[in-house]
Amino acid sequence: MADYVLIESRDPFEYSDTGYFYEVAADLSKAGNNVTFFLVQNGVLTARKGISNSAVDKLQKAAPNVKVLADEFSLRERAIIGGKLASGVASSDVDELVDLLAVSGVKAIWH
Amino acid sequence: MTTSGEKSITIALMDPPYESGTTTTALRIMDAALRKGISVNVFAYEGAVNLTMRGQAPHPNPVKGTSIEEQDHPSTAKFIAGLFTLGADSPKLEWVNCGLCVDERGAGECIDGPRRGGPGDLFKFSQESTNTLIIGTR
């Protein structure tokens, strides 16, 4: 079992290849790994409550153990504040991301 | 480079300045790491070698009607110079600009701090760091 930090900076409305990245997160988790999925920049657009066919919803249904975090700075820039954050997504920041990255052996992947 | 026992993160970056939010995020990560006492190694290649160009000029904002001084435009070079102040000793910021990429772009006149290097530096950084994050473009 390994620890993974997957950082998604793109939104699925613009980049269709984001679907593969969500699938990688789900598959890694289902294989028994610890997976943190960190949304940043336009990647946080999937964290808005009320999105139909939500990629985050699908990820959480496929792999409930994936921890989904969203960068608070990016959320604020895109007016995803207060009660507008989808359930299952926790507001986070780059301080927490650095804590996750500064652990030996953690595999970090940026998309 | 850090001594044994100290934490460090290596980041490879290829985005040019003012192109995408990725540059801002990468600089935020570097800033957060240094403020936590974690050393940072950066390998800048392709367009990212322009991030540290010395001659980057601020500009006024004609939409808001603000002057250069009022706008206080945060150039990437100015931001990175601030990171070098944070990472002057311990924690330490090391920044290598890919020499071939610099030559291609005529981007040799950079601020104090970065040095010229090559992919071997990225390999060495990654071997000696706690972790490595490769940030590609598309």
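Heads up: the sequence lines are chains A and B, in that order.
FYI, the numbering for the first sequence is 149 to 259, going by the numbering used here.
FYI, the numbering for the second sequence is 1312 to 1449, going by the numbering used here.
Think of the CB as a built atom: it goes at the ideal place given N, C-alpha and C, for glycine as much as any other residue.
Taking the alpha-carbon positions, what's the residue i to residue j distance?
| i | j | result |
| --- | --- | --- |
| Ile155/A | Pro1373/B | 36 Å |
| Glu1381/B | Pro1371/B | 8 Å |
| Val183/A | Lys215/A | 6 Å |
| Tyr1356/B | Lys1318/B | 23 Å |
| Arg1339/B | Leu217/A | 17 Å |
| Asn1442/B | Ser200/A | 36 Å |
| Asn1408/B | Thr1377/B | 34 Å |
| Leu1444/B | Ile1322/B | 5 Å |
| Leu193/A | Ala234/A | 10 Å |
| Asp247/A | Val254/A | 11 Å |
| Ala211/A | Tyr163/A | 22 Å |
| Asp1383/B | Asp1326/B | 23 Å |
| Thr1363/B | Ser1437/B | 22 Å |
| Ser177/A | Phe1434/B | 29 Å |
| Ile1379/B | Val204/A | 42 Å |
| Thr166/A | Ile1349/B | 30 Å |
| Asp1342/B | Ala1392/B | 11 Å |
| Thr1335/B | Asp175/A | 30 Å |
| Asp151/A | Gly191/A | 21 Å |
| Ser202/A | Asp1400/B | 46 Å |
| Ala250/A | Arg1416/B | 33 Å |
| Gly180/A | Ser252/A | 19 Å |
Give every residue of the same chain whose Cβ lies closer than 8 Å to the Cβ of residue i, excluding the five residues on either side of it in the sequence, and list them in chain order.
| i | result |
| --- | --- |
| Arg1365/B | Ala1388, Glu1420, Cys1421 and Ile1422 |
| Glu244/A | Leu217 |
| Leu1345/B | Val1351, Leu1394, Leu1397, Gly1398, Pro1402 and Leu1404 |
| Gly1428/B | Phe1354, Val1407, Asn1408, Cys1409 and Gly1410 |
| Tyr1329/B | Thr1387 |
With DSSP collapsed to three states, give me the class of residue i.
| i | result |
| --- | --- |
| Asp151/A | strand |
| Val1374/B | coil |
| Ala1355/B | strand |
| Phe185/A | strand |
| Met1325/B | coil |
| Ala1399/B | strand |
| Ile1349/B | coil |
| Arg1426/B | strand |
| Thr1443/B | strand |
| Glu1420/B | coil |
| Thr1333/B | helix |
| Ala1344/B | helix |
| Phe161/A | coil |
| Thr166/A | helix |
| Gly180/A | coil |
Who are the Cβ neighbours of residue i in its own chain at under 7 Å, not counting the five residues just before and after it?
| i | result |
| --- | --- |
| Val242/A | Asp219 |
| Arg196/A | Ile228, Lys232 and Ala234 |
| Asp1432/B | Phe1354 and Val1407 |
| Ser1386/B | Gln1367 and Pro1369 |
| Pro160/A | Thr166, Gly167, Thr194 and Ala203 |
Taking DSSP's pairing of strands, which residues face residue i in a bridge?
| i | result |
| --- | --- |
| Leu1404/B | Val1351/B |
| Cys1412/B | Cys1412/B pairs with nothing; no bridge assigned. |
| Thr1387/B | Thr1387/B pairs with nothing; no bridge assigned. |
| Ile1320/B | Val1351/B and Asn1442/B |
| Glu1381/B | DSSP lists no partner for Glu1381/B. |
| Met1364/B | Cys1421/B |
| Glu156/A | Leu187/A |
Can you list, in chain order, the residues of its chain whose CB lies under 6 Å from that of residue i, leaving out five sequence neighbours each side?
| i | result |
| --- | --- |
| Ile257/A | Leu154 |
| Ala1413/B | Rather than Ala, the amino acid found at residue 1413/B in this sequence is Val. If we look at Val1413/B and ignore the five residues flanking it on each side, its Cβ neighbours are Val1360 and Gly1419. |
| His259/A | Glu156 and Phe169 |
| Met149/A | Gly180 and Asn181 |
| query | Taking only runs of the beta strand (DSSP E) that begin and end inside the segment 192–257 of chain A, which ones reach a length of at least 3 residues, in chain order? | reply | 215–219 and 237–240
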